[in-house]
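2 protein chains.
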Amino acid sequence: MQETRLDTARIRAARRVIDPMFLDTPLYRCEAWEPELGCRVSVKLETANPVRSFKARGTELVASRLVDGGSRAVVCASAGNLGQALAWSGRGRGLDVTVVASRTATAAKLARIRALGARLVLVDGDHELARDRAADIARRDGIRLLEDSLDIETCEGAATIGLELAAAEPTFDAVLVALGGGALATGVGHVLKELAPGVEVICVQPAGAPAMTRSWRARRVVTTDTADTIADGVAGRRPIPAVLDDLLAVADDAVLVREASIVAGMRMLLDHAGLVVEPSAALGIAAILEDRERFAGRHVVTIVCGSNVDLAAYHRWTGTPRH
Amino acid sequence: MQETRLDTARIRAARRVIDPMFLDTPLYRCEAWEPELGCRVSVKLETANPVRSFKARGTELVASRLVDGGSRAVVCASAGNLGQALAWSGRGRGLDVTVVASRTATAAKLARIRALGARLVLVDGDHELARDRAADIARRDGIRLLEDSLDIETCEGAATIGLELAAAEPTFDAVLVALGGGALATGVGHVLKELAPGVEVICVQPAGAPAMTRSWRARRVVTTDTADTIADGVAGRRPIPAVLDDLLAVADDAVLVREASIVAGMRMLLDHAGLVVEPSAALGIAAILEDRERFAGRHVVTIVCGSNVDLAAYHRWTGTPRH
């Protein structure tokens with residue numbers, strides 16, 4: 001395989017640093033979907049933990065290394081999941097955590113960041129403005145800036161999912177990975193390309209926020225002026241060059257899906273798995289729904305990456321409104 | 001501790017027979033509930049597997065031992081979860097599985113039993129009539145009758161949850177266990193009384209189906225004429241004497257909760273954990289809601305035991321109806 005910034009030995013070592021609560025998550029087949037999807041689908045469930053997303057795998061590493069290095073503070077920009085995870089990992093280690101987010105971010109995510117004791121800075125703009133503001137704060141205060149997908153810990157943490165998938169029995173044919181900044185896709189992709197090279201690594205992004213997918217296809221960074229999707233966790237506009245390079249080395253494909261397919265995927269997770277998830281977590285099923293022929297008869301794993309969602313919006317999207 | 005029919009060495013050995021997919025399930029704290037509940041609550045999640053309940057821990061043992069003994073067929077009565085789990089475990093081992101259920105059982109459960117290839121026999125009556133009919137079939141066909149909670153495999157399988165709880169860090173003060181036939185409560189209770197005797201074992205049953213709780217309190221079998229609860233998984237009327245004896249040895253308390261509290265518990269699992277569960281899985285939270293003072297400041301584990309629910313009914317109960 002082509003080189004990436006990741007190293008499998010380091011990823012294995014990372015498992016010893018991460019709270020075991022976030023590791024060895026459920027992986028199980030959901031047969032009730034199969035008549036509709038036409039393929040075998042297994043769920044890798046990353047939501048059954050205190051922060052309801054996979055992000056703590058990375059923040060456990062970040063927080064641990066910061067403390068080991070004598071740091072007391074860290075700031076990150078976040079659509080909400082990274083911030084919540086960093087707040088959780090930081091609180092347990094006495095770190096001073098600041099999270100910068102868009103004022104329009106998912107309210108449930110912002111509420112949990114506050115509840116976990118982090119300082120929350122809101123910006124009047126989208127996630128890219130939050131990234132700029134977080135960088136300003138880090139410079140001003142002389143503290144560590146954690147950059148999702150760029151900082152290797154976030155990729156290594158996500159990559160521990162890849163170790164678990166590579167060790168899984170029975171084996172599978174393809175993995176569907178939500179694509180936003182790229183930490184999850186490059187991390188999981190790196191490990192699978194090294195340990196299970198026969199597995200197709202397919203990244204899935206909303207058509208309304210296609211920057212990284214377009215960049216992967218063009219083999220150079222392509223930015224977009226807007227990002228318009230309910231999948232807030234993957235709604236970036238400015239891919240990071242180093243992350244794109246890694247993605248080019250490990251992804252077999254990157255596909256775009258419609259909002260209606262994302263909602264249909266959320267409904268299938270509700271109807272047949274009892275899981276209320278955020279839109280990003282349904283991207284994989286959306287990809288199958290949009291191209292059943294591609295997956296027909298194969299065994300596909302989809303990573304259900306987060307469940308932090310505003311219930312009112314969830315019910316509006318899925319047609320199960322609250323009374 | 002007092003003797004029960006269970007043996008911890010056998011329960012440890014059972015772990016080697018059960019498909020690992022059903023073991024070492026997530027155990028995690030849900031802080032978002034704590035302002036409302038007034039105590040630390042951790043979820044032991046038994047729904048992230050192919051049959052969406054803890055029952056496969058037991059049916060894996062049953063099916064494995066049947067095959068080892070040369071049997072080819074088995075019949076059980078079930079409200080739906082045991083039947084689904086037995087169908088799953090039997091299918092993988094080439095067993096001929098018959099499940100007897102009430103015609104009024106949860107449709108989603110019956111559909112999954114059929115989809116897994118089991119023969120489904122429906123009776124015009126409640127679960128107790130299904131038990132009688134299953135016994136008739138076993139006699140007529142000369143095949144093994146699996147009796148939930150009476151047959152030791154069902155208790156030993158459930159008891160493997162107790163091993164995982166006893167090994168958990170941080171430790172906790174009390175466990176809330178849904179009480180129906182008694183396999184889950186006696187299994188988990190046996191292990192905790194032996195390995196973590198400081199943990200209070202509290203059984204929770206709906207006030208509308210109180211037979212086992214009344215029996216525990218009276219220290220003799222008390223039957224009821226009716227069972228009236230949405231918690232179909234625990235709606236028995238005729239406790240089994242041997243199971244009651246075990247429950248008397250291991251349970252510290254048995255409490256009854258109202259239907260409204262069960263629904264409130266289901267809402268909390270939806271609102272703050274993203275989990276759509278069946279009513280039986282919300283009994284533990286219902287118990288906290290009805291007696292906050294008892295649990296104030298303590299760390300309580302609740303076993304989320306199943307998520308097979310008819311969504312139309314779920315939405316009706318919880319006030320989140322489908323469009």
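Note that the protein sequences, when read in sequence, are chains A and B.
So in UniProt numbering, spot 184 of the first sequence is number 184, and the numbers just go up one at a time.
So in UniProt numbering, spot 19 of the second sequence is number 19, and the numbers just go up one at a time.
Using N, Cα and C, we set each Cβ at its ideal position, and we do this for glycine too.
Fair warning: this is a prediction, and the values are worked out from it, not measured in the lab.
Would DSSP call residue i helix, strand or coil?
| i | result |
| --- | --- |
| Lys55 (chain A) | coil |
| Glu3 (chain A) | coil |
| Leu116 (chain B) | coil |
| Glu34 (chain B) | helix |
| Ala313 (chain A) | helix |
| Arg10 (chain A) | helix |
| Asp68 (chain B) | helix |
| Ser149 (chain A) | coil |
| Thr213 (chain B) | helix |
| Ile288 (chain A) | helix |
| Pro170 (chain B) | coil |
| Gly319 (chain A) | coil |
| Thr229 (chain B) | coil |
| Val222 (chain B) | coil |
| Gly189 (chain B) | helix |
| Arg267 (chain A) | helix |
| Ala235 (chain B) | coil |
| Arg91 (chain A) | helix |
| Ala130 (chain B) | helix |
| Asp124 (chain B) | coil |
| Gly182 (chain B) | coil |
Given residue i, which residues of its chain have a CB within under 8 Å of its CB, disregarding the five upstream and five downstream residues?
| i | result |
| --- | --- |
| Val300 (chain B) | Cys39, Arg40, Val41, Ser42, Phe172, Asp173, Ala174, Val175, Leu176, Gly284 and Ile288 |
| Leu192 (chain A) | Gly162, Leu165, Ala166, Val175, Val199, Val201 and Val250 |
| Asp255 (chain A) | For the record, residue 255 (chain A) in the displayed sequence is Val; it is not Asp. Once the five neighbours on either side are set aside, the close Cβ partners of Val255 (chain A) are Ile202, Cys203, Val204, Gln205, Thr213, Ala287, Glu290 and Asp291. |
| Val222 (chain A) | Ala211, Arg214, Ser215 and Pro239 |
| Ser71 (chain A) | Leu95, Ile143 and Arg144 |
Within its chain, find whatever has a CB closer than 7 Å to the CB of residue i; leave out the 5 residues flanking it on each side and keep chain order.
| i | result |
| --- | --- |
| Ala185 (chain A) | Val177, Leu179, Cys203, Leu247 and Ala251 |
| Arg10 (chain A) | Glu156 |
| Ala183 (chain B) | Gly58, Asp148, Ser149, Thr154, Cys155 and Ala158 |
| Ala134 (chain B) | Val75, Cys76, Ala77, Val100 and Leu145 |
From the DSSP secondary-structure annotation, give me the bridge partner or partners of residue i.
| i | result |
| --- | --- |
| His299 (chain A) | A:Arg40 |
| Arg144 (chain B) | B:Val74 |
| Thr98 (chain B) | B:Val75 and B:Arg119 |
| Ile202 (chain A) | A:Leu176 and A:Asp253 |
| Gly306 (chain A) | A:Ser53 |
| Arg27 (chain B) | Looking at the sequence shown, residue 27 (chain B) is not Arg but Leu. In the DSSP output, where bridge partners are listed per residue, Leu27 (chain B) has B:Lys44. |
| Leu275 (chain B) | A:Leu275 |
Please compile the residues from chain A whose C-beta is within a distance smaller than 7 Å of the C-beta of residue i.
| i | result |
| --- | --- |
| Met21 (chain B) | Tyr28 |
| Leu66 (chain B) | Within 7 Å Cβ-Cβ: nothing; Leu66 (chain B) doesn't reach chain A, min ~23 Å. |
| Leu311 (chain B) | Asp271 |
Give me, in chain order, the residues of the same chain whose beta-carbon lies closer than 6 Å to that of residue i; leave out the 5 immediate sequence neighbours on both sides.
| i | result |
| --- | --- |
| Val121 (chain B) | Val100 |
| Thr25 (chain B) | Leu45 and Glu46 |
| Pro279 (chain B) | Ile230, Ala231 and Ile262 |
| Gly189 (chain B) | Val201, Val250 and Ala251 |
| Ala264 (chain A) | Leu289 |
| Arg112 (chain A) | Gln84 |
| Asp310 (chain A) | Thr106, Ala107 and Ala108 |
Which residues of chain A have a Cβ atom closer than 8 Å to the Cβ of residue i, listed in chain order?
| i | result |
| --- | --- |
| Asn81 (chain B) | Here the premise fails: no neighbours, minimum Cβ distance about 13 Å. |
| Arg114 (chain B) | By Cβ distance, chain A contributes nothing, its closest Cβ being about 12 Å from Arg114 (chain B), past 8 Å. |
| Pro50 (chain B) | Tyr28, Arg29, Cys30 and Glu31 |
Does the distance from the C-beta atom of residue i to that of residue j stay below 8 Å?
| i | j | result |
| --- | --- | --- |
| Met266 (chain A) | Thr318 (chain A) | yes |
| Ala85 (chain B) | Asp141 (chain B) | no |
| residue 337 (chain A) | Leu150 (chain A) | Beyond the ends of chain A as shown, which are 1 and 323, falls residue 337 (chain A); an answer cannot be given. |
| Gly306 (chain A) | Leu275 (chain B) | no |
| Thr160 (chain A) | Arg16 (chain A) | no |
| Arg214 (chain A) | Glu128 (chain A) | no |
| Ala130 (chain A) | Ser102 (chain A) | yes |
| Thr104 (chain B) | Gly80 (chain B) | no |
| Ile152 (chain A) | Arg5 (chain A) | yes |
| Gly209 (chain B) | Ala227 (chain B) | Residue 209 (chain B) is actually Ala in this sequence, not Gly. It is a contact, given that the beta carbons lie within the stated cut-off. |
| Asn308 (chain A) | Tyr28 (chain B) | no |
Could you tell me which chain B residues have their CB closer than 7 Å to the CB of residue i, listed as they occur along the chain?
| i | result |
| --- | --- |
| Thr47 (chain A) | Gly274 |
Chain B partners of residue i, CB-CB under 9 Å?
| i | result |
| --- | --- |
| Ser307 (chain A) | Ala273, Gly274 and Leu275 |
Find the residues of chain A that neighbour residue i, judging by a C-beta separation of less than 9 Å, and give them in chain order.
| i | result |
| --- | --- |
| Asp24 (chain B) | Asp24 |
Should residue i be flagged as near chain E, meaning a C-beta pair shorter than 8 Å?
| i | result |
| --- | --- |
| Leu270 (chain A) | The structure shown has no chain E; the protein chains it does contain are A and B. |
Is any heavy atom in the ligand NAP found nearer than 7 Å to the beta carbon of residue i?
| i | result |
| --- | --- |
| Val304 (chain B) | The ligand NAP is absent from the structure shown, which contains no ligand whatsoever. |
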